[in-house]
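Engineer: Pasting a structure below so you can have a look.
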């Protein structure tokens, strides 16, 4: 997902918390006794990007150092539940639908928007709840190797994944089947909540499927080798491989691409409430947003963020209200959080056997 290292959170990014990473603290250079703000986030490039784009600017403005505690999506949620009376962190970054679980558990502070002046310039979709706010966006969408598909081949609709040209060539994530399930439901005239209407279409997709990938790394390997020259793919992975010279075309189907949003919230019971608000406001600053998205290769949530033109023109990097309206499939967080375990169980039993 990243320009410098592409150390993506395996099987999540977007992706959705299926992989658990061992929690590891990364401490800033603090003077003994100096107060600090603690942010929990994924490791690798997620932590590094947040440090470079957000934490350094926060420290510059406030003089307060930032410490990162890293771990997997569900691992951190579990720890937050256990430590709810003595929270280890002040700010949490997680997927927006898992953020809904934090809200249900009472683990986030209700946000006072008056303390977040930069929030006034956010796309409406960024306000995930009164308790958490979208930080950036990405998409899962069809993509294909232009050199390994017939001349002139293109994907205009999710339905094209069912076409004969894709038979035995499609790669899908096994850790989060929500994207193809949502697409099948839409094609069947339903929505995510009424997803079972799309089951007949999903069953008809089986001849297209060549392999399931378990992580971002596996996805990239299958695309690079050509074993699955067509994938439902994380846009950020595709951007990385395109930079490596692999001829990939990302499609935004007429029905739209399935959006993922990573969100930020303030931990309930933090002893650094004012500083946490300042951190969130810095994170939503248009210049900080542009820098963060330049590192992550994703879409900003602040409409005033000036992304590099080469990044802004990439498919699935939404920079205008019109793109959000016409190209994005956004499922509300509560529905996705509730149904993801159900979808995964059904998919494993009925599509992967």
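Residue numbers (my numbering): 381 to 733. Even for Gly, the Cβ is constructed at its ideal location relative to N, Cα and C.
#1: So, residue 664 versus residue 499, is the Cβ gap smaller than 8 Å?
#2: Mapping DSSP to helix, strand and coil, what is residue 503?
#3: Look up residue 611 in the DSSP assignment and say whether it is helix, strand or coil.
#4: Could you give the residue range of the beta strand (DSSP E) that holds residue 472?
#5: Have a look at the DSSP bridge pairing and note the partners of residue 416.
#6: Which class does residue 526 belong to by DSSP, given the choice of helix, strand or coil?
#7: For residue 682, does the count of other Cβ atoms within 10 angstroms reach 16, so buried, or fall short, so exposed?
#8: Among 486, 699 and 662, which one has its Cα closest to the Cα of residue 647?
#9: Under 8 Å between the Cβ atoms of residue 515 and residue 717?
#10: List, from N- to C-terminal side, the alpha helix (DSSP H) runs of 4 residues or more that fit wholly inside the stretch 603-677.
#11: May I ask you to verify whether the stretch 664-677 touches the stretch 572-584, counting CB pairs closer than 8 Å and requiring at least 3?
#12: Going straight from the alpha carbon of residue 639 to that of residue 649, what length do you get?
#13: What did DSSP end up calling residue 467 once you bin it into helix, strand or coil?
#14: Pull the bridge partners of residue 512 from the DSSP assignment, please.
#15: For residue 566 versus residue 635, is the C-beta distance shorter than 8 Å?
#16: Given this structure, state the Cα-to-Cα distance separating residue 539 from residue 522, to the nearest angstrom.
#17: What would DSSP say about residue 434, mapped onto helix, strand or coil?
#18: In the DSSP assignment, find the unbroken beta strand (DSSP E) run with residue 589 in it and report its ends.
#19: In whole angstroms, what separates the C-alpha of residue 513 from that of residue 530?
#20: State the DSSP-derived secondary structure class of residue 517, mapped to helix, strand or coil.
#21: Which two residues bound the contiguous beta strand (DSSP E) that contains residue 582?
#22: Measure from the alpha carbon of residue 697 to the alpha carbon of each residue in 712, 715 and 674, then state which is nearest.
#23: May I ask which residues mark the beginning and end of the alpha helix (DSSP H) holding residue 689?
#24: Out of 578, 558, 590 and 536, which has the shortest C-alpha to C-alpha gap to residue 548?
#25: By the three-class DSSP mapping on this structure, what secondary structure does residue 454 have?
#26: Distance, Cα to Cα, residue 526 vs residue 455?
#27: Go through its chain and collect everything with a Cβ distance to residue 418's Cβ below 7 Å, but skip five positions before and after it.
#28: Measure the CB-CB distance between residue 488 and residue 606 and report whether it falls below 8 Å.
#29: Is residue 612 near residue 553, with beta carbons less than 8 Å apart?
#30: Using three-state DSSP, classify residue 682 as helix, strand or coil.
Structural biologist: Taking the coordinates as given:
#1: Taking the chain shown and counting its residues from 1, the one referred to as residue 664 is at position 284. Taking the chain shown and counting its residues from 1, the one referred to as residue 499 is at position 119. Cβ atoms of residue 664 and residue 499: closer than 8 Å.
#2: Within the chain shown, residue 503 is the residue found at index 123, counting from 1. Three-state result, residue 503: coil.
#3: Working through the chain shown from its first residue, we reach residue 611 at position 231. Residue 611 falls in the strand class under three-state DSSP.
#4: For the purposes of this step, residue 472 is identified with residue 92 of the chain shown, where counting begins at 1. Residue 472 -> beta strand (DSSP E) spans 471-475.
#5: Residue 416 sits at position 36 when you count from the first residue of the chain shown. Paired residues: 445.
#6: Walking along the chain shown from the start, residue 526 turns up at place 146. It is coil, neither helix nor strand.
#7: Working through the chain shown from its first residue, we reach residue 682 at position 302. Buried.
#8: Translated into the one-based positions of the chain shown, residue 647 becomes position 267. Of the candidates 486, 699 and 662, the one whose C-alpha sits nearest the C-alpha of residue 647 is 486.
#9: The residue you call residue 515 lines up with position 135 of the chain shown. The residue you call residue 717 lines up with position 337 of the chain shown. No; because the gap between Cβ atoms is not below 8 Å, this pair is not in contact.
#10: 615-623, 653-663 and 666-676
#11: no
#12: What you label residue 639 is simply residue 259 of the chain shown in a count that begins at 1. What you label residue 649 is simply residue 269 of the chain shown in a count that begins at 1. So the two alpha carbons sit approximately 31 Å from each other.
#13: Residue mapping note: residue 467 aligns to position 87 of the chain shown, counting from 1. The answer is coil: DSSP assigns residue 467 none of H, G, I, E or B.
#14: As a first step, residue 512 must be located in the chain shown, where it is residue number 132. The partner list for residue 512 (beta bridge, DSSP) reads 645.
#15: In the chain shown, counting from the first residue as 1, residue 566 sits at position 186. In the chain shown, counting from the first residue as 1, residue 635 sits at position 255. Cβ distance < 8 Å, so residue 566 and residue 635 count as in contact.
#16: Here residue 539 refers to the residue found at position 159 of the chain shown. Here residue 522 refers to the residue found at position 142 of the chain shown. Straight-line Cα distance between these residues: approximately 10 Å.
#17: On the chain shown, position 54 is the one that residue 434 refers to. Correct three-state label for residue 434: helix.
#18: Locating residue 589 in the chain shown gives position 209, where the first residue counts as 1. Looking at the DSSP string, the run of the beta strand (DSSP E) that includes residue 589 is 589-593.
#19: Taking the first residue of the chain shown as 1, we reach residue 513 at position 133. Taking the first residue of the chain shown as 1, we reach residue 530 at position 150. Roughly 42 Å between the two C-alpha positions.
#20: Residue mapping note: residue 517 aligns to position 137 of the chain shown, counting from 1. Of the three classes helix, strand and coil, the one that applies to residue 517 here is strand, per DSSP.
#21: Here residue 582 corresponds to residue number 202 of the chain shown, with the count starting at 1. Unbroken run through residue 582 is the alpha helix (DSSP H), 579-584; no beta strand (DSSP E).
#22: As a first step, residue 697 is located in the chain shown; it is residue number 317 there, counting from the start. Comparing Cα-Cα distances from residue 697 to each of 712, 715 and 674, the minimum goes to 674.
#23: Taking the first residue of the chain shown as position 1, residue 689 is located at position 309. Run containing residue 689: 689-692, per the alpha helix (DSSP H) assignment.
#24: The residue you call residue 548 lines up with position 168 of the chain shown. With distances taken between Cα atoms, residue 548 lies closest to 590.
#25: Within the chain shown, numbered from 1, the residue matching residue 454 stands at position 74. Residue 454: helix per DSSP, three-state reduction.
#26: The count along the chain shown starts at 1 and reaches residue 526 at position 146. The count along the chain shown starts at 1 and reaches residue 455 at position 75. Distance between the alpha carbons of residue 526 and residue 455 is about 38 Å.
#27: Here residue 418 refers to the residue found at position 38 of the chain shown. Within the same chain, residue 418 has close Cβ partners 447, 449, 468, 469 and 470.
#28: Sequence index remark: in the chain shown, residue 488 carries index 108 (1-based). Sequence index remark: in the chain shown, residue 606 carries index 226 (1-based). In this structure, residue 606 does not lie closer than 8 Å to residue 488 by Cβ.
#29: Your numbering for residue 612 matches position 232 in the chain shown. Your numbering for residue 553 matches position 173 in the chain shown. Closer than 8 Å, so yes.
#30: Mapped onto the chain shown, residue 682 falls at position 302. Correct three-state label for residue 682: strand.
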